[in-house]
Every structure is written in C-alpha cells, then in structure tokens.
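Residue numbers (numbering that gives the first Met the number 0): 0 to 421.
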Amino acid sequence: MNMRDSEYVMGILMDRGFRKAKSADEADVIIFNSCSVRKHAEDKLFSNIGDLWKLKKRKPGLVIGLMGCTAQSYKDAALERAPLLDFVCGTGNESDLPAIIGDILKDRCRMVAADKVNEKKHEIFPAYRDETFKTFVSIGEGCNNFCSYCIVPYVRGKERSRDAKDIIREIDDLGSRGFKEVMLLGQNVNSYGRGEGTDFVKLLCEINKLKGIERIRFMTSHPKDASIKLFEAMRDLDKVCEHLHLPLQSGSDRILKLMNRKYTVKDYLKLAESYRKILPQGAITTDIIVGFPSETEKDLKETVKVMKAAGFDSAYTFKYSPRPPARSCKLKDNVSEALKDKRLKTIMDIQCRIAEDINARLIGQPAGILVDGCGSKDPRKLTGRTRTNKVVVFDGRPDLVGKFVDVKILSATPYALKGKIV
Ligand code: SAH
Ligand code: SF4
C-alpha cells in the first residue's frame, strides 16, 4: 500500500512538472514515505532522515518531507524529532502535496498537514506507474477492525471504499495501456462497499470483464469476512488468481481473543478447508505474530499445529511490537526479545519445511508465468510468478519481461521454483 502511495504522489507531482531525480544528491525535494506497523521501521526512518544533514548543508534549498503512517501519527512532533524536516503530510493529505511543496519553495516555512485521515480521497488519476505491465490499485482506505496490536486504524482512519466506477475507470485505462496484472489493495478487501449496496465479489465480477487485464490479485482478506462466495468467485472468474492471503496471526484461541481478531482456530481451519475444496490447486499465505503479550510455549505449539493443518504456501512472520495507541499496549510486553527471536526462528523453520513439501509436489508440472524481471548480471536469467504467486526462475530472452510464458517446473526450494520454457 505504501508503494502505491509513493507512486501516486510521484504521479501527481509529475503532473505538475516535477521530474524523478536519479539520486538523492540530485533531488530538490526528498519525501520519505513511512510505515509505522512496527517500531523498528519508525526508528530506521528517523535515522535515515538524520543522515541527510550533510546534503542539506551543501544544498540549503533542499526540501525534505515526511508522508505516510508515521507522518499521520507524529504530526507536529515529527518536526521536533527530525529538525531537518520541512513538512509532514498525513495519509489523507497526499493530494495537497504539490501545494505544500509550492508554499515551502516560496516562503521557506515548515508545514504540517494531517487533518484528512478520515476523508474520502479526492479522485485524481495520475498516469505515472513504476512498472509497465503489473501494478497496484487501491480499492479503499482505512480500517474499522481495531485488532488490538495494530496501529493502522489510527493512522489510516476509518474504512472508506472507493466508488466502483472510479476503480473500473482506473483499471480500464491500465488495461488499454498494456497492463496485464492488477493487485487490488485494501486493509480488508472483503468488507469493500459494506453499507453502500455493493460488495467485493461484485467488484471482482466487474473488473473481470475489462479488456487487457489478464490477472487480478487482491490483498488482504480478514478471516472473519472471507467467504465461500469469494472462493467460488475465485474459481469462476477466469482472471482472478488462485492465491488467498489470509492472515492467521496466532493459532491460540486465547491469544486471538486478546488480539480482537473475532474468529477462532476452528473458524479459520474451516474456512481454509472450504478454500481447498473449491480451489484444490490454490495457494494460501498468511501473517503470524509471535511474542504477543502473555504468549506461552503452549500457545506457540498451537500456532505450529494450525500452520501444519492449514499448509501455508508462505508466511510473513513478525515479532510483536507495542504500537501506542493500539490497545494491546495496555498489556505488559512480557515476552523477552530473546524469546521472541527464538519463537520467530521456530515458526520460520516450520514454515520452511511446509513450503518445501508443497513446492516439491509441483516438480514436473506445467505453469503459466508472467515474466517480471531479468538478472542484472545475466539478463537471460528470468523470474516470474505463477497464478498462485510462486516465484519461478528460468532461462530465456530478456524481451520476455512483461509477457506470459509456459514453463515446466524442474526443481523446488521452499522459496522459489526453477523451471524451463516449454
Ligand atoms: N490489514 C492487514 C494487515 C496490515 S499490517 C490484515 O488485517 O491482515 C500487516 C501485518 O503486520 C499484520 O497482518 C500483522 O501480522 C503485522 N503486525 C501488525 N501490527 C503489528 C505489531 N504491533 N507487531 C507485530 N506485527 C504486527
Ligand atoms: Fe490492522 Fe486488523 Fe485492520 Fe489489518 S484488520 S489493518 S491487522 S486492525
């Protein structure tokens, strides 16, 4: 989502005559886009801003700004913590950026704009995209779920769905410009359009009809809202890829309750089983947090049990990090850092073995790949992804990047497959 926001801001600035600088040294304006989901990212951000002091000394006219979730959560305090910053732009104020930068260039003032966190974005359609054949499309902003560990509802505001007609217009335009794949983004795509007489499956059906686009992906699905209807749509709509990102977070009912996730392990596994029945070849990936307050070895064992039962194709794994004002901060962060590290390693090792088994079963099978890159040292080493979002490495001509090819899988590791064009 942050990548899409950076690209969007780049686009609106380019529409006002700005150009992309080749490096920070060459730039007149540097904007940091920030994530605040974990504290580590926040600390790194402020140290990166501080590193610019030499450049600022050399180029006193340089404008340095902060956008994204940390901008929204710190507001004025970011100017205090980072004296080099000229402006702070909250998550709802992105379209004000050209005006903010214009004012600073004119008056050399410091500015904070972070008052639109709950507002629906004013629809503008900047043409710029970082890539030429696959891209992100946001279908909404914000989140109403308030999982107890999560800062997102505070820094991205309440859930607002974009109008279907604006999403369709954007994707239709992308299709006519040669884009082949879109990834629809929302904190919880399955609650798209709730209360507005539409829903995510209807949106998928509409997008599926558009010319040009051949693959539709989406993330994230909250297990309390993902449904059999969604899985049937994934099966029936030819462009919707067979990959579901379904964050588990924990396999212990006690921890899930403390996390305010609103489902039990039984609900989760039932959902995963329905998915497997409807899409036997489909992939499921997940997010898991270890070291949530009061998590015991027994809770961790339960998580491992669910990982094995669900058979995840891959998992993003995180150490719990208290994020004020998220409600879990009231609970004592009582799992030591060393224990969090140990638990993280445990689940990463287990996931590695699960993925190894799943991927080994693909050896000898055919797969359709959208080629997405070639090696910088050897341009004949291509990479691409299957519909199930698995990375495949294979030899081929660099001009195949952005095109579809058929490969046969020759070997597999837990993280990627090796293939051969057929
Ligand atoms: N909306 C998405 C995820 C947003 S954040 C969803 O509901 O799944 C991405 C992931 O970061 C979360 O799924 C969670 O696993 C992790 N995360 C969020 N807050 C965290 C925290 N305080 N500490 C550690 N991991 C966290
Ligand atoms: Fe955060 Fe939960 Fe919303 Fe995801 S669903 S953004 S984890 S509050």
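Every residue gets a Cβ at the ideal spot worked out from N, C-alpha and C, and that includes glycine. All values reported here derive from a predicted model rather than from experimental measurement.
Handout entry: Sequence ranges, alpha helix (DSSP H) only - wholly within the region 162-205, length at least 4
Key = 163-175
Handout entry: Helix, strand or coil at residue 318 according to DSSP, with G and I counted as helix
Key = strand
Handout entry: Integer-rounded CB distance, given that residue 202 should sit under 8 Å from residue 191
Key = 6 Å
Handout entry: Assigned secondary structure, residue 373 (DSSP; H/G/I helix, E/B strand, else coil)
Key = strand
Handout entry: contact_flag[the region 102-115, the region 161-171] where n(CB pairs < 8 Å) is 3 or more
Key = no
Handout entry: 7 Å CB neighbourhood of residue 361 in its chain, flanking five on each side removed
Key = 408, 411 and 416
Handout entry: Local conformation of residue 63 per DSSP, three classes
Key = strand
Exercise for the section: Kindly list the residues whose CB is nearer than 6 Å to the CB of residue 437, restricted to its own chain and excluding five residues on each side of it in sequence; keep chain order. Expected result: With the chain covering only 0 through 421, there is no way to say anything about residue 437.
Handout entry: Heavy atom of the ligand SAH within 8 Å of residue 71 beta-carbon
Key = no
Problem - Between the CA atoms of residue 297 and residue 7 - distance to the nearest angstrom - result: 45 Å
Problem - Contacting residues, own chain, Cβ-Cβ under 8 Å from residue 354 (five flanking each side not counted) - result: 311, 312, 313, 413 and 414
Handout entry: Run of the beta strand (DSSP E) containing residue 416, from where it starts to where it stops
Key = 416-420
Exercise for the section: Mark residue 383 as exposed unless 16 or more other C-beta atoms lie within 10 angstroms of its C-beta, in which case mark it buried. Expected result: buried
Problem - Closest residue to residue 301 among 265, 368, 148 and 206 (Cα-Cα distance) - result: 265
Exercise for the section: Might you give, ordered along the chain, the residues of its own chain that have their beta carbon closer than 8 Å to the beta carbon of residue 405, omitting 5 neighbours on each side? Expected result: 365, 366, 367, 368, 420 and 421
Exercise for the section: Return the Cβ separation of residue 181 and residue 138 in integer angstroms, given the expectation that the two are a contact with Cβ distance under 8 Å. Expected result: About 10 Å separates the two Cβ atoms, so there is no contact after all.
Practice task
Tell me whether the beta-carbon of residue 247 lies closer than 9 Å to the beta-carbon of residue 277.
Solution key: no
Handout entry: residue 102 - containing alpha helix (DSSP H), residue span
Key = 96-106
Exercise for the section: Check the DSSP bridge columns for residue 218 and list the partner residues they point to. Expected result: 184
Problem - Closest residue to residue 186 among 234, 82, 223 and 317 (Cα-Cα distance) - result: 223
Exercise for the section: With a threshold of 16 other CB atoms inside 10 Å of the CB of residue 47, please say whether the residue is buried or exposed. Expected result: exposed
Exercise for the section: Please classify residue 365: does DSSP put it in a helix, a strand, or coil? Expected result: strand
Exercise for the section: Check whether the Cβ of residue 318 lies closer than 8 Å to any heavy atom of the ligand SAH, and answer yes or no. Expected result: yes
Practice task
Just the C-alpha distance for residue 189 and residue 76, rounded to the nearest angstrom, thanks.
Solution key: 35 Å
Problem - Local conformation of residue 58 per DSSP, three classes - result: coil
Handout entry: Terminal residues of the beta strand (DSSP E) in which residue 87 lies
Key = 86-88
Practice task
Specify the secondary structure class of residue 212 as computed by DSSP and reduced to three states.
Solution key: coil
Exercise for the section: Classify residue 12 as helix, strand or coil using the three-state DSSP reduction. Expected result: helix
Handout entry: Sequence-ordered residues whose beta carbon comes within less than 6 Å of a heavy atom of the ligand SF4
Key = 142, 144, 145, 146, 149, 151, 152, 186, 187 and 221
Handout entry: 7 Å Cβ shell around residue 254 - same chain, five flanking residues per side excluded
Key = 291, 294 and 298
Problem - Reduced DSSP category for residue 286 - H, G, I as helix; E, B as strand; rest coil - result: strand
Exercise for the section: Could you tell me the distance, in whole angstroms, from the CA atom of residue 70 to the CA atom of residue 123? Expected result: 22 Å
Exercise for the section: Excluding the 5 residues preceding and the 5 following residue 80 in the sequence, name in chain order all residues of the same chain whose CB lies nearer than 8 Å to its CB. Expected result: 45 and 73
Exercise for the section: Rank 42, 40, 61 and 53 by C-alpha distance to the C-alpha of residue 29 and give the top, closest one. Expected result: 61
Practice task
Measure the alpha-carbon distance for residue 390 versus residue 240 and round it to whole angstroms.
Solution key: 14 Å
Problem - Three-state class that DSSP yields for residue 258 in the structure shown - result: coil
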